[in-house]
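K.L.:
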Amino acid sequence: VNETTRAGRSGSISSPPHQVVDYSQKVDVNPPKGTRDFPPEEMRLRNWLFQNFKEVSQLFGFEEVDYPVLESEALYIRKAGEEIRDQLYCFEDRGNRRVALRPELTPSLARLVIQKGKSVALPIKWFAVGQCWRYERMTRGRRREHYQWNMDIIGVPDVTGEAELISSIVTFFKRIGITAKDVGFKISSRKVLQEVLSFYSVPESLFAKACIIIDKMGKIPMEEIKKELELVELSNDAIEDLLQVLSIKSLTELEEKLGGTGEAVSELKQLFSLAEKFGYSEWIQFDASVVRGLAYYTGIVFEGFDREGKLRAICGGGRYDRLLSTFGGDDLPACGFGFGDAVIIELLKERGLLPELPLEIENIVCSLDPNLQGAAAMVASVLRGKGQCVDLVLENKPLKWVFKRATRINARRLILVGSAEWERGMVGRPSIPSVPITVVSPQSPSLPTTSSTID
Ligand SMILES: OCc1cccc(Br)n1
């Protein structure tokens, strides 16, 4: 069936790529708005960051997974008024399917867990590092993509799950030089809100919407918050009481307000007790105003923040025990977090903690005679066969150029394959102050694998 027929039957089709490109107009060499290139230096920093994400995840016994960056739009169509829904990067593909660039990874995880069903043993402990997208009006100049590290535990109903996840993030922070003086975690539970709303007989169906509105506290004027809460049928008494509870900053005060028999207080007390055993009490604080902006959280929620208050949330997560059933699966207890790749880099810059990650190539090999390019290739292959990294000079270049390149790539050794030397053995050449030189010849029984300076 061709596109035309489909258009006739089902309305619009996605527009085919432009057939004619006007090459007189220079192509815009910048990446699309809100997106980034990763040239080598930035890529080394990104790899360093992701390597730390992965090593911590594996230290905690998590397995790596990944999902398509393109998912069915249906995974993200939730009716709670989330920002993530308003900014969905969605379109209709050429098969008339509604698809979206994933704005987060958790729904993909839920989809895969349902797909795997009983074939995966519980508890599931999976991690992923994946690019996520949002289509935000560029007037705010914010990015439209970022990479997110996620760790999720499926099948553990106790707050030991959340305690383990927070421990993994603390471990990550410590690895990159961030301390509890730089960063903390605000911790609360949506069950706090639930207990207040149920006291005012607010129907369960409005719970998620109320959470999304409350998450805007501090981002929009309080009067607007109250108006939006009134729109979801909260009485003035309920709103006033809710806002008072949300200002509570201690578990003792929360217990005085809610009583000590509810799940919210008992789970939070258990989490703070576990934090002491894990050894990260100095990193966490109770803060009832934390609700997070995703509709599916059902219990403990937490977010990492910079104590100087200059940056947006560094990471966030919580419990989401009823996400699977929203996709038609059987519910399983679940908790997880998302950790973006941008704010953490801003924080490291602020604290002067960005790592030095220079390009380092062990060897640069160069033939001094065009007829010895093959010999130089042989030398490079032998070294590479020994696991040595080699930059092979591929053209007939003057030595000055070679020395300059050797210095630029931080070569630990410059190997010159010269005709006279190749025939007769080894003679030295003045070494570049910072780059030892080794000259090899066919008589060399085996190429030196340790650098030596020859005068
Ligand atoms: O923080 C939410 C989010 C989702 C996708 C892309 C970007 Br940038 N930010």
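For any residue, its number in the working numbering is found by taking its place in the sequence shown, counting from 1, and adding 90. Positions of the beta carbon are idealized from the N, C-alpha and C atoms, including for glycine. Quick caveat: nothing in here was measured; it's all calculated off a predicted structure.
What whole-angstrom Cβ distance do A424 and D242 have, given they're in contact under 8 angstroms?
P.N.:
Right, their Cβ atoms sit about 7 angstroms apart.
K.L.:
Going by Cα to Cα distance, which pick from F289, T351, A354 and G308 is closest to I329?
P.N.:
Considering only alpha carbons, the answer is F289.
K.L.:
Which class does G518 belong to by DSSP, given the choice of helix, strand or coil?
P.N.:
Legend: pLDDT at G518 = 35, less than 50; position of this residue unreliable, value from coordinates given subsequently. Of the three classes helix, strand and coil, the one that applies to G518 here is coil, per DSSP.
K.L.:
Using the Cβ count rule (16 or more neighbours within 10 Å means buried), how would you classify I562?
P.N.:
Since the first and last residues shown for the chain are 91 and 545, residue 562 lies out of range.
K.L.:
Determine, using beta carbons only, whether L482 and A470 come nearer to each other than 8 angstroms.
P.N.:
Yes. Within cutoff.
K.L.:
Between R412 and I390, how many whole angstroms is the CB-CB distance? I'm expecting something under 8 angstroms.
P.N.:
The Cβ separation is near 14 angstroms, so there is no contact.
K.L.:
Near H108, which residues of its chain fall below 8 angstroms by C-beta distance, leaving aside the five closest residues on each side in sequence?
P.N.:
There are no such residues.
K.L.:
Just to confirm, is the Cβ distance from E161 to V189 under 8 angstroms?
P.N.:
Result yes, Cβ atoms of E161 and V189 sit closer than 8 angstroms.
K.L.:
Less than 8 angstroms between the C-beta atoms of F427 and A200, yes or no?
P.N.:
The answer is no: Cβ separation not under 8 angstroms.
K.L.:
With a 10 Å radius around its C-beta and 16 neighbouring C-beta atoms as the bar for buried, classify A170 as buried or exposed.
P.N.:
By the 10 Å Cβ count, A170 comes out buried.
K.L.:
Tell me which same chain residues have a C-beta within less than 7 angstroms of the C-beta of A465, skipping the five on either side of it?
P.N.:
Contacts found: S457, V507 and W512.
K.L.:
Assign G251 to one of three DSSP states: helix, strand, or coil.
P.N.:
Helix.
K.L.:
Are there any heavy atoms of ligand 1 lying less than 7 angstroms away from the beta-carbon of P193, as far as the coordinates show?
P.N.:
It does: the Cβ of P193 is within 7 angstroms (strictly closer) of some heavy atom of ligand 1.
K.L.:
Assuming A467 is part of the alpha helix (DSSP H), what are its boundary residues?
P.N.:
Where A467 is concerned, the enclosing alpha helix (DSSP H) stretches over Q463 to G475.
K.L.:
Ligand 3 and E132: does any heavy atom of the ligand fall closer than 7 angstroms to the residue's C-beta?
P.N.:
Judged by which ligands are present, ligand 3 is missing from the structure shown, whose ligands are ligand 1.
K.L.:
Give the straight-line distance between the Cα atoms of E567 and A253, rounded to the nearest whole angstrom.
P.N.:
Since the first residue of the chain shown is 91 and the last is 545, residue 567 is not available in this structure.
K.L.:
To which residues does DSSP link H236 through a beta bridge?
P.N.:
Note: H236 sits in a beta bridge opposite C222.
K.L.:
Cβ atoms of F376 and L73: under 8 angstroms apart, would you say?
P.N.:
Residue 73 lies beyond the range of the chain shown here (91 to 545); nothing can be said about it.
K.L.:
Mind checking whether V249 and L344 have CB atoms under 8 angstroms apart?
P.N.:
Not closer than 8 angstroms, so no.
K.L.:
Which residues mark the beginning and the end of the alpha helix (DSSP H) in which V381 is found?
P.N.:
Note, V381: premise wrong, no alpha helix (DSSP H); not H, not E.
K.L.:
Note down the Cα distance separating S105 from D183, rounded to an integer number of angstroms.
P.N.:
S105 and D183: Cα-Cα distance of roughly 9 angstroms.
K.L.:
At what residue ranges does the region 430-467 contain a whole run of the beta strand (DSSP E), taking only runs of 3 or more?
P.N.:
Correct list: 453-457.
K.L.:
Which residues in the same chain as I304 place their Cβ atom closer than 6 angstroms to its Cβ, once the five residues preceding and following it in sequence are excluded?
P.N.:
Within the same chain, I304 has close Cβ partners V381.
K.L.:
Evaluate contact between the region 143-161 and the region 253-271, counting only Cβ atoms and requiring at least three cross-stretch pairs below 8 angstroms.
P.N.:
Taking 8 angstroms as the limit for Cβ pairs, the verdict is that the region 253-271 does touch the region 143-161.
K.L.:
Any heavy atom of ligand 1 closer than 7 angstroms to the CB of G430?
P.N.:
Yes, the Cβ of G430 comes within 7 angstroms of a heavy atom of ligand 1.
K.L.:
If you follow the beta strand (DSSP E) that A36 is in, where does it begin and where does it stop?
P.N.:
The structure shown does not extend to residue 36, since the chain is modelled only from 91 to 545, so the question has no answer here.
K.L.:
If you pair each beta-carbon of the region 366-376 with each one of the region 313-327, do three or more pairs fall below 8 angstroms?
P.N.:
Touching, no, given that fewer than three Cβ pairs across the two stretches are closer than 8 angstroms.
K.L.:
When you compare only the Cα positions, how much space is there between Q177 and E393?
P.N.:
In a straight line, the C-alpha of Q177 is about 21 angstroms away from that of E393.
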